[in-house]
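Residue numbers (our numbering), protein chains in the order written: chain A, 1 to 114; chain B, 1 to 114.
Where is the CB? At the ideal position from N, CA and C, for every residue including glycine.
A quick write-up on the structure given underneath.
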């Protein structure tokens, strides 16, 4: 039981390059989330998927796209990377329904855009 | 707009001291969670509080949810170097909207010196 896995762990991109961050969970959770974490800013929600086949914007969606491939997998794509997207990216999953909405996080992807 | 204000942002103490971290909001949450994050890893759930006035204990850690479900505190007794890390509070379903999504505080970086 691996929980939430993310690939890659580290990535360096040049401005304008594209890449996809992969996330998978094996806890049969309905909801999945993508966050970015920057110093002093806590975790900010980029996109989330309440269930398979649905996605919605979070607090900071500009410059990103997502795909909920199936119940297990939720990917985040940067089409044209910018230095402002240098950050640590976390994927998380949770059950929904009546709560309490506890989230389980992956180990993160550390992205640097030069 | 930051819905959850966490304080202090930094805390540096000696082993054996007590400390309290606060998480405050003007919004009502259906539940509130505390996470701990170590360098290079994702946040790990410590506890969830659901009922106003609820107190939960986890060894030397005591968590309290305010009566009005707008605030919470984390108290650590006799801190150990192993308590060092980033502590994050997160509120679920603020104001009765946005099921499943969490609002995170900015985090408290705790350093416990031997």
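What is the residue span of the beta strand (DSSP E) that residue 110/A lies within?
Within the first chain, residue 110/A is the residue found at index 110, counting from 1. Here the beta strand (DSSP E) through residue 110/A covers 109-113.
Measuring only the C-alpha atoms, how far is residue 23/B from residue 34/B?
Here the question's residue 23/B lines up with position 23 in the second chain. Here the question's residue 34/B lines up with position 34 in the second chain. Note on geometry: alpha-carbon atoms of residue 23/B and residue 34/B lie some 10 Å from one another.
Identify whether residue 26/A lies in helix, strand or coil by the three-state DSSP scheme.
Taking the first residue of the first chain as position 1, residue 26/A is located at position 26. Secondary structure at residue 26/A: coil, using DSSP grouped into helix, strand and coil.
N- and C-terminal bounds of the beta strand (DSSP E) containing residue 35/A
The residue given as residue 35/A occupies position 35 in the first chain. If you look at residue 35/A, you'll find it in the beta strand (DSSP E) that goes 31-37.
Taking Cβ positions, are residue 58/B and residue 46/B nearer each other than 8 Å?
What you label residue 58/B is simply residue 58 of the second chain in a count that begins at 1. What you label residue 46/B is simply residue 46 of the second chain in a count that begins at 1. Cβ atoms of residue 58/B and residue 46/B: closer than 8 Å.
Give me, in chain order, the residues of the same chain whose beta-carbon lies closer than 6 Å to that of residue 111/B; leave out the 5 immediate sequence neighbours on both sides.
Working through the second chain from its first residue, we reach residue 111/B at position 111. In the same chain as residue 111/B, and ignoring 5 residues on each side of it, the C-beta atoms closer than 6 Å to its own belong to 12, 84, in chain order.
Can you grab the Cα-Cα spacing for the pair residue 15/A / residue 64/A, in whole Å?
Working through the first chain from its first residue, we reach residue 15/A at position 15. Working through the first chain from its first residue, we reach residue 64/A at position 64. Straight-line Cα distance between these residues: approximately 14 Å.
When you compare the CB of residue 105/A with every CB in chain B, is at least one pair closer than 8 Å?
Taking the first residue of the first chain as 1, we reach residue 105/A at position 105. Nearest CB-CB separation between residue 105/A and chain B: below the 8 Å threshold.
Tell me which residues share the same chain as residue 54/B and place their Cβ nearer than 6 Å to its Cβ, disregarding the 5 neighbours each side in the sequence.
If you number the second chain from 1, residue 54/B lands on position 54. Here the set comprises 65.
Let me make sure I understand the geometry here. Which of 113/B, 19/B, 102/B has the alpha-carbon closest to that of residue 75/B?
Along the second chain, read from residue 1 onward, the residue named residue 75/B stands at position 75. For residue 75/B, the closest C-alpha among the options 113/B, 19/B, 102/B is that of 19/B.
Give the range of the beta strand (DSSP E) segment to which residue 57/B is assigned.
In the second chain, the residue the question calls residue 57/B occupies position 57. Following the DSSP letters along the chain, one finds residue 57/B inside the beta strand (DSSP E) bounded by residues 55-58.
Per-residue DSSP class, three states only, for residue 30/B
In the second chain, the residue the question calls residue 30/B occupies position 30. Secondary structure at residue 30/B: coil, using DSSP grouped into helix, strand and coil.
Cα separation between residue 78/A and residue 27/B?
By 1-based counting over the first chain, the position of residue 78/A is 78. By 1-based counting over the second chain, the position of residue 27/B is 27. For residue 78/A and residue 27/B, the gap between their C-alpha atoms comes out near 33 Å.
Of the residues 53/A, 66/A, 95/A, 37/A, the one placed nearest residue 86/A, counting alpha carbons only
By 1-based counting over the first chain, the position of residue 86/A is 86. Cα-wise, what sits closest to residue 86/A is 37/A.
Since residue 93/B contacts residue 29/B with CB under 8 Å, what's their CB separation in whole angstroms?
For the purposes of this step, residue 93/B is identified with residue 93 of the second chain, where counting begins at 1. For the purposes of this step, residue 29/B is identified with residue 29 of the second chain, where counting begins at 1. Cβ-Cβ separation between residue 93/B and residue 29/B: approximately 6 Å, consistent with a contact (criterion under 8 Å).
Around the C-beta of residue 67/B, are 16 or more other C-beta atoms found within 10 angstroms, so that it is buried, or is it exposed?
Residue mapping note: residue 67/B aligns to position 67 of the second chain, counting from 1. Burial call: exposed.
So, under 8 Å CB-CB, residue 102/B and residue 101/A are touching, yes? Tell me the CB distance rounded to an integer number of Å.
For this step, residue 102/B is matched to residue 102 along the second chain. For this step, residue 101/A is matched to residue 101 along the first chain. Yes, they are in contact, since the Cβ atoms of residue 102/B and residue 101/A sit about 6 Å apart, within 8 Å.
Going along chain B, which residues have a C-beta under 9 Å from residue 24/A?
In the first chain, counting from the first residue as 1, residue 24/A sits at position 24. In chain order: nothing, as chain B lies at least about 14 Å away.
Length of the line joining the Cα atoms of residue 71/A and residue 28/A
Counting from one through the first chain, the residue named residue 71/A turns up at place 71. Counting from one through the first chain, the residue named residue 28/A turns up at place 28. Each residue's alpha carbon lies about 7 Å from the other.
Shorter than 8 Å from the beta carbon of residue 53/B to some beta carbon of chain A?
Here residue 53/B is taken as the residue at index 53 of the second chain, counted from 1. Not closer than 8 Å to any Cβ of chain A, the Cβ of residue 53/B fails to qualify, so no.
Could you list which residues in chain B have their beta carbon closer than 9 Å to that of residue 40/A, in chain order?
As a position in the first chain, residue 40/A is number 40, starting the count at 1. What residue 40/A touches in chain B: 9, 106, 107.
If you follow the beta strand (DSSP E) that residue 85/B is in, where does it begin and where does it stop?
Looking up residue 85/B in the second chain gives position 85. Residues 85-92.
Between the region 34-52 of chain B and chain A, which residues of the former have a C-beta closer than 9 Å to a C-beta of the latter?
Within the region 34-52 of chain B, contact with chain A at the beta-carbon level (separation under 9 Å) is assigned to 35, 37, 40, 41, 42, 43, 44, 45, 48, 49, 50.
Would you verify that the beta carbon of residue 50/A is, or is not, closer than 8 Å to some beta carbon of chain B?
Here the question's residue 50/A lines up with position 50 in the first chain. With its beta carbon less than 8 Å from one in chain B, residue 50/A belongs to the interface.
Can you tell me which of 113/B, 39/B, 21/B, 16/B puts its alpha carbon nearest to the alpha carbon of residue 8/B?
If you number the second chain from 1, residue 8/B lands on position 8. The residue with the shortest Cα to Cα distance from residue 8/B is 21/B.
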